[in-house]
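Trainee:
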Amino acid sequence: MERIFIGVAWPYANGPMHLGHLAGVYLPADIFSRFHRLNGNKVLMVSGSDMHGTPITVTAQQQNKTPEEVALHYHQVHSDTLKKMGIEFDNYTNTHTPEHADVVRELLGVLEKKGHITSKVTKEPYDSKSKQFLPDRYVEGTCPLCQYESARGDQCDDCGRTLDAKDLIDPHSKFNPDTKLEFRETEHLFFKLSDFRDNLLAWVSKDKNHWRDNVGKFTHNWLEDGLIDRAITRDLDWGIEIDKEGYESKRIYVWFEAVMGYHSASRSWAKWKGEPDEWKKWWNDDNARHYYFLAKDNIPFHTIIWPAILMGCDLHLPYDVPASEYLLLDFSQFSKSRNHAVWAPDYLNTYDAEALRYVLSAMMPENKDSNFSWEEYVARINNELIGNLGNFLHRTISFAKKNFPKGMHADECSVPELRDKVSLSHSQITTTLSACKFKESLRTLMELSQAGNIAMNEIAPWKLFKEDKKACEAHLVSLLNMCRSLAIMMNPFLPKSSQKVWDYLGLEGTVEEAGWEAAMEGQTDFKPNQPLPLFKKLNLEEILEREMPNKEGELPNLKPEITPKDFKKMDIRIGTVVGIEDHPNADKLYLLDVDFGGPKRRIVTGLKEEYTDEELMGKQIAVIVNLAPAKFRGEVSEGMLLAAEDEHISMANVSILQPDKEVTDGSPVH
Ligand SMILES: [Zn+2]
Numbered sequence: 004m005e006r007i008f009i010g011v012a013w014p015y016a017n018g019p020m021h022l023g024h025l026a027g028v029y030l031p032a033d034i035f036s037r038f039h040r041l042n043g044n045k046v047l048m049v050s051g052s053d054m055h056g057t058p059i060t061v062t063a064q065q066q067n068k069t070p071e072e073v074a075l076h077y078h079q080v081h082s083d084t085l086k087k088m089g090i091e092f093d094n095y096t097n098t099h100t101p102e103h104a105d106v107v108r109e110l111l112g113v114l115e116k117k118g119h120i121t122s123k124v125t126k127e128p129y130d131s132k133s134k135q136f137l138p139d140r141y142v143e144g145t146c147p148l149c150q151y152e153s154a155r156g157d158q159c160d161d162c163g164r165t166l167d168a169k170d171l172i173d174p175h176s177k178f179n180p181d182t183k184l185e186f187r188e189t190e191h192l193f194f195k196l197s198d199f200r201d202n203l204l205a206w207v208s209k210d211k212n213h214w215r216d217n218v219g220k221f222t223h224n225w226l227e228d229g230l231i232d233r234a235i236t237r238d239l240d241w242g243i244e245i246d247k248e249g250y251e252s253k254r255i256y257v258w259f260e261a262v263m264g265y266h267s268a269s270r271s272w273a274k275w276k277g278e279p280d281e282w283k284k285w286w287n288d289d290n291a292r293h294y295y296f297l298a299k300d301n302i303p304f305h306t307i308i309w310p311a312i313l314m315g316c317d318l319h320l321p322y323d324v325p326a327s328e329y330l331l332l333d334f335s336q337f338s339k340s341r342n343h344a345v346w347a348p349d350y351l352n353t354y355d356a357e358a359l360r361y362v363l364s365a366m367m368p369e370n371k372d373s374n375f376s377w378e379e380y381v382a383r384i385n386n387e388l389i390g391n392l393g394n395f396l397h398r399t400i401s402f403a404k405k406n407f408p409k410g411m412h413a414d415e416c417s418v419p420e421l422r423d424k425v426s427l428s429h430s431q432i433t434t435t436l437s438a439c440k441f442k443e444s445l446r447t448l449m450e451l452s453q454a455g456n457i458a459m460n461e462i463a464p465w466k467l468f469k470e471d472k473k474a475c476e477a478h479l480v481s482l483l484n485m486c487r488s489l490a491i492m493m494n495p496f497l498p499k500s501s502q503k504v505w506d507y508l509g510l511e512g513t514v515e516e517a518g519w520e521a522a523m524e525g526q527t528d529f530k531p532n533q534p535l536p537l538f539k540k541l542n543l544e545e546i547l548e549r550e551m552p553n554k555e556g557e558l559p560n561l562k563p564e565i566t567p568k569d570f571k572k573m574d575i576r577i578g579t580v581v582g583i584e585d586h587p588n589a590d591k592l593y594l595l596d597v598d599f600g601g602p603k604r605r606i607v608t609g610l611k612e613e614y615t616d617e618e619l620m621g622k623q624i625a626v627i628v629n630l631a632p633a634k635f636r637g638e639v640s641e642g643m644l645l646a647a648e649d650e651h652i653s654m655a656n657v658s659i660l661q662p663d664k665e666v667t668d669g670s671p672v673h
């Protein structure tokens, strides 16, 4: 038996979760915890809503509510979402509890006693009109690193770098943009992160081969750049108070206290359980392993800042921090401000949670960004979840029930190859799930189920039943044993469906009680119940109509909004076609030589059906000249010409774009 602590990143209570949060953070943590529980390990999994800080107060001001109203509302929304998704915590709490505040002040006291806390006077932005300091998100300005114009005082949303309000170009108050900002002196407490740099470097350099590449690299780079002491208090009236003279109008900075929630949530859990020391079994035992699940923007808080606090307080350090990359929606980042998202509460009001668990596990952004689209969602459910897994389980169990209503018996396994396949898959999935490789584990599971479908076709029990009933019965017992193993192995991913399969198979108790290793055992007798289809087949057109309707008066198939900066990245020039050849290996392609006032480019284009070479020769055309070169049947194209495509006529529907009057070759297009 092992002790596994699972800490899952704390979502801000200022808006609902989207599918990216579920795919990158909460679902992998839940799969991991279910796997360990099935193995008989003692798991403690905690998280909670992050209720403090400027993300909450800014939202409150925008919605004309108090920070507490906003935070409590979204805490409830998060709790409901997690529950509906079947993501089970031992304690899902929030940072706005007296227990959390006590633990934060206690840990702060420990760090202070050891000399890791200091106070400094710094100059911070001050709004003389509203007579208040403006902490991080209350200040906006231009990012000094990427020139993004709406960067916040804590971070640039465009390039992702953490910032300080002082770094911004033209900093101004978010809510009073016209008043001039002053920088006034104010005293704050600082955490001396620099005290821990050497120990952190030694820690991340030792036995971390199991860490994901991006996590290790990112952490090493941060540490090698050196660590600066960070302010742990803010001039703000929402958050955890500090017992210190002169700090009455200040609160603890959210980055410092939210991570402490892992510890306070463990202690509250033990207290509510009536065994107040129970948490120590995870936090004071050197053999306990601590895992933290989060998205990549949260890496430094879990591999540097939280470990530094833990070192300072003599608490257990993380064993693994399997941070995820991002799930994209139609190839661009989920964004609250652009409302480019599928919100989890909306999804759960209309669609099935288990189906989503399957799809998000199959496209989990483990080592690189992955993309969600409704097309892929429907395809994966219809073709994989139903077409493969659901199909094998349903047809096997219903055939058995129909033809052997009194039950089946076989003394030994009549299809040893199936048993061997189960055994191999079981050992592979055990290895990959232990290593937090969820996508690969699910793939192995689906391959096993596909092997079941193939075996079912080869055995063809519907024929065998007429020819040799005894052999048919024995083979069915083998196939039902495979269903039983699948029910166990699919449990971490699809807990509800797994239990349904278990019940349809006529098995006693729960999958959890049977345990992970039971997948390797076989039974001699089965008496299944009538199964119902496990998943509902989806209709793509209906879903697209609901999720992506063409609004009245709006352009159909409108692409996600881009910024003027995005547009400026494109270099479009006018050039004259001075040479035309047929593509040597493609009937429909031309090779054009285009003159841009001296420099020439070769462009591969597919205009052969619309334009003859005489029509094209000498024409001025518009070309994107900084597009990455692409090869078309062996010929490299150094640009792409612009043309309109008329979708309402079938023939000669492409028309190249030309300047209205002649311009000098090489002229840019804005
Ligand atoms: Zn930036």
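Note that my numbering gives residue 171 to position 168 of the sequence shown, counting from 1, and the numbers run on in steps of one. Think of the CB as a built atom: it goes at the ideal place given N, C-alpha and C, for glycine as much as any other residue.
(1) When you compare the stretch 255-270 with the stretch 299-319, are there three or more beta-carbon pairs, one atom per stretch, that lie closer than 8 angstroms?
(2) Can C439 and P368 be called in contact, C-beta distance under 8 angstroms?
(3) Under the assumption that M492 contacts A454 (Cβ atoms under 8 angstroms), give the Cβ distance between them as a whole number of angstroms.
(4) Measure the C-alpha to C-alpha separation of V666 and N385 and round it to an integer number of angstroms.
(5) Taking the alpha-carbon positions, what's the W282 to P58 distance?
(6) Drop a sphere of 10 angstroms on the beta-carbon of L527, count the other beta-carbons inside from all chains shown, and report buried for 16 or more, exposed for fewer.
(7) Could you compute how far the alpha carbon of Y15 sits from the alpha carbon of N42?
(8) Tell me which residues share the same chain as A356 and place their Cβ nearer than 7 angstroms to its Cβ, disregarding the 5 neighbours each side in the sequence.
(9) Taking the straight line between their C-alpha atoms, what separation do you get for G512 and G277?
(10) Since T98 contacts D53 with CB under 8 angstroms, what's their CB separation in whole angstroms?
(11) Could you give the residue range of the alpha helix (DSSP H) that holds K678?
(12) Taking a cut-off of 5 angstroms, which residues have a beta-carbon closer than that to any heavy atom of ligand 1, in chain order?
(13) Report the partner residues of K736 according to the DSSP bridge assignment.
(14) I'd like to confirm the pairing. Which residues does DSSP put opposite L332 in its beta bridges?
(15) Report the rounded CA-to-CA distance for P408 versus Q533, giving the unit in angstroms.
(16) With 16 as the cutoff for other CB atoms within 10 Å, does C162 come out buried or exposed?
(17) Mapping the DSSP letters down to three states, classify W13 as helix, strand or coil.
(18) Pull up the CB-CB distance for V381 and I546, whole angstroms please, since I reckon it's below 8 angstroms.
(19) Looking at V657 and L610, is the spacing between their C-beta atoms short of 8 angstroms?
(20) Examine the Cβ distances between the stretch 17-37 and the stretch 231-248 and report whether three or more of them are shorter than 8 angstroms.
(21) Runs of 4 residues minimum, wholly inside the stretch 244-299: which ones carry the alpha helix (DSSP H) assignment?
(22) Could you name the residues that DSSP lists as bridge partners for H191?
(23) Can you tell which of S364, A589, P464 and E387 has its C-alpha closest to the C-alpha of R398?
(24) Can you tell which of F635, D246, E550 and K466 has the C-alpha that lies nearest to the C-alpha of E378?
(25) Pairing CB atoms from the stretch 130-140 with CB atoms from the stretch 184-194, are three or more of them under 8 angstroms?
(26) Run through the stretch 427-484 for me and flag every whole alpha helix (DSSP H) of 4 or more residues, listed as ranges in chain order.
(27) Are the beta-carbon atoms of M48 and V106 separated by less than 8 angstroms?
(28) Do you know offhand how far A154's Cα is from F194's?
(29) Is it right to say N301 is buried, meaning 16 or more other beta carbons lie within 10 angstroms of its own, or is it exposed?
(30) Exposed or buried, which one is V639 when buried takes at least 16 other CB atoms within 10 Å?
(31) Tell me N97's beta-bridge partners as DSSP assigns them.
(32) List the DSSP bridge partners of T145.
(33) Compute the Euclidean distance between the alpha carbons of H223 and L111, then round it to the nearest angstrom.
(34) How big is the Cα-Cα spacing for D216 and W225?
Mentor: By the coordinates alone:
(1) Touching, yes.
(2) At a Cβ-Cβ threshold of 8 angstroms, C439 and P368 do not count as neighbours.
(3) Actually they do not touch by this definition, with Cβ atoms about 13 angstroms apart.
(4) For V666 and N385, the distance between alpha carbons rounds to 54 angstroms.
(5) When rounded, the distance between both Cα atoms is 31 angstroms.
(6) Note that residue 527 is Thr in the sequence shown here, rather than Leu. T527 comes out exposed.
(7) Counting only the Cα atoms, N42 lies some 32 angstroms from Y15.
(8) The answer, listed in chain order, is K87, M88 and G89.
(9) So the two alpha carbons sit approximately 28 angstroms from each other.
(10) Between T98 and D53, the beta carbon gap of about 6 angstroms places them in contact (Cβ cut-off 8 angstroms).
(11) No statement about residue 678 is possible, as the shown extent of the chain runs from 4 to 673 and does not include it.
(12) Residues with a Cβ closer than 5 angstroms to any heavy atom of ligand 1, in chain order: C146, L148, C149, Y151, C159, D161 and C162.
(13) No answer is possible for residue 736: the residues shown for the chain start at 4 and end at 673.
(14) Under DSSP, L332 shares a beta bridge with S335 and F375.
(15) The alpha-carbon atoms of P408 and Q533 are separated by roughly 10 angstroms.
(16) C162 is classed as exposed because its beta carbon has fewer than 16 other beta carbons within 10 Å across all chains shown.
(17) Three-state result, W13: coil.
(18) With a beta-carbon spacing of about 6 angstroms, V381 and I546 fall inside the 8 angstroms limit used to define contacts.
(19) Judged by beta-carbon spacing, V657 lies within the 8 angstroms limit of L610, meaning their Cβ atoms are closer than that value.
(20) Two segments are said to touch when three or more pairs of C-beta atoms, one from each, lie closer than 8 angstroms; by this definition the stretch 17-37 does not touch the stretch 231-248.
(21) If only complete runs of 4 or more residues are kept, the stretch 244-299 shows the alpha helix (DSSP H) at 257-261, 264-276 and 283-286, in order along the chain.
(22) Bridge partners of H191: K123.
(23) Checked all of S364, A589, P464 and E387; the closest Cα to R398 is P464.
(24) Closest option to E378, Cα to Cα, is E550.
(25) When Cβ pairs closer than 8 angstroms are counted between the two stretches, the stretch 130-140 is seen to touch the stretch 184-194, the count reaching three or more.
(26) Assignment of alpha helix (DSSP H) within the stretch 427-484, counting only whole runs of 4 or more residues, yields 441-462 and 464-470 in chain order.
(27) No, these two residues do not count as a Cβ contact at 8 angstroms.
(28) Straight-line measurement puts the Cα of F194 at about 25 angstroms from the Cα of A154.
(29) By the neighbour-count definition (other C-beta atoms within 10 Å, threshold 16), N301 is a buried residue.
(30) Counting Cβ neighbours within 10 Å, V639 comes out exposed, since fewer than 16 surround it.
(31) Looking at the DSSP output, N97 shares a beta bridge with S52.
(32) Bridge partners of T145: I172.
(33) CA-to-CA, the gap between H223 and L111 works out to about 26 angstroms.
(34) Each residue's alpha carbon lies about 14 angstroms from the other.
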